[in-house]
Amino acid sequence: MQLLDGKALSDLTKAQLKEKVDQRIAEGKKRPHLAAILVGNDGGSETYVGSKIRSCEEIGYKSTLLRFEATITEAELLAEIKKVNDNDDIDGLIVQLPLPKHISVERVIESTDPEKDVDGFHPVNVGRMVQGLPCFLPATPNGIMKILEHYKIDTIGKECVVIGRSDIVGTPMSILMSRNTNPGNATVTLCHSKTKDLRGHTLKADIIISATGIPNSVTADMVKDGAVVIDVGTTRVPDTSKKSGFRLSGDVDFVNVSPKCSYITPVPGGVGPMTIGSLMLNTLQAAANKD
Ligand code: NAP
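Position one of the sequence shown corresponds to residue 19 (our numbering), numbered consecutively onward.
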């Protein structure tokens, strides 16, 4: 069993991006600029946005964090997004999810300029992804593709089961794995909460990608020997031994599943860091698109 070290790959990606930024600046080009919108005080969101801003600093991007109270109205938030859209210095915009319930995530995503949509959530980018056209690929699934590419994992003609069909992870993941690309070219089955006999599907899988957010739901009896297992889940579970009072748990019962795998991502240190790595790649692309 080999660990797929997303943290190390993310560090490498960021070091390569730093070189590219230094080169851009030496050529008199603009420093890439990422804006992040954070609404409310959700602990997880604070952590994720904090890591994204820190990554910008490491690489040499400019970053702007725009914070709003959870009471901001949808109209006010859309007006703030328009300001970012109209600001020529800002290349990329992310709106950290989840948003308070009174704000429509769809309207927020659709109001983002597709050319600044470095999360790859806008329908224009999703449509272009489906058609294999140049676009911003969604960060988590693209981070997983980068991990598969880096470790030269053979995906061509393999049986791939994706568990979870969210707009931001499972659905785009199934599309990227089924495209005529390398990595890709897998035969993909997309499972969800209505799937009958999930175990029957996963037992046939050469590659399992789980994104349900249900800790320890992928168990050893669901995984065939030699499978590649990618664990997207990051659920906070109470843990009194930690200073924070919680730890992050993946979807996979790592202790019992990992001995059966050829490759597996740890949680933390697997998919999460490469989600940020791929967001950083998109941000440089957004700036370069305007050169
Ligand atoms: P989500 O929107 O809650 O979607 C969960 C999906 O799991 C749904 O499609 C749901 O099916 C499916 N599901 C629920 N119970 C199931 C079951 N018993 N069997 C099979 N499928 C089941 O979640 P998400 O936003 O995609 O996130 C999933 C997890 O990934 C979370 O832990 C999240 O924190 C994590 N995440 C991590 C990163 C990262 O960078 N590491 C990034 C994004 C998300 P239905 O559609 O039928 O309801």
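Note that CB positions come from ideal geometry on N, CA and C, so glycine has one too. Note that the coordinates shown come from a computational prediction; the quantities given were computed from them, not determined experimentally.
- Beta-bridge annotation (DSSP): Val206 is paired with Cys178.
- The C-beta distance from Pro156 to Pro190 rounds to 5 angstroms, short enough to meet the 8 angstroms contact threshold.
- Across the structure, Gly62 and Leu266 are spaced so that their CA atoms are roughly 10 angstroms apart.
- In the structure shown, Val113 falls within a strand segment according to DSSP collapsed to helix, strand and coil.
- Counting along the chain, no alpha helix (DSSP H) covers Lys80; the unbroken beta strand (DSSP E) around it starts and ends at Lys80 to Phe86.
- With respect to Asp109, Pro50 sits close: the two C-beta atoms are nearer than 8 angstroms.
- Not one heavy atom of the ligand NAP lies closer than 7 angstroms to the C-beta of Thr207.
- His120 carries a coil assignment under DSSP once its states are collapsed to helix, strand and coil.
- Below 8 angstroms, enough C-beta pairs join the segment 218–230 and the segment 178–194 to call them touching: three or more.
- With respect to the C-alpha of Asn234, the residue from Asp269, Asp40, Asn203 and Leu297 having the closest C-alpha is Asp269.
- Here DSSP, grouped into helix, strand and coil, assigns Ser228 to strand.
- Each residue's CA atom was taken as its position, placing Ser73 and Cys209 some 33 angstroms apart.
- Residue nearest to Asn198 within the set Asp224, Lys176 and Ser184 is Lys176 (criterion: CA-CA distance).
- For Leu35, there is no enclosing beta strand (DSSP E); the residue is part of the alpha helix (DSSP H) that begins and ends at Gly24 to Ala44.
- In this structure the segment 248–261 lies against the segment 287–294, because at least three pairs of beta carbons, one per stretch, are closer than 8 angstroms.
- DSSP places His51 inside the beta strand (DSSP E), whose first and last residues are His51 to Val57.
- In terms of Cβ geometry, Glu87 and Ser81 do not form a close pair [threshold 8 angstroms].
- Under DSSP, Arg254 takes part in a beta bridge, and its partners are Leu266.
- According to DSSP, residue pairing for Gln20 in a beta bridge involves Tyr281.
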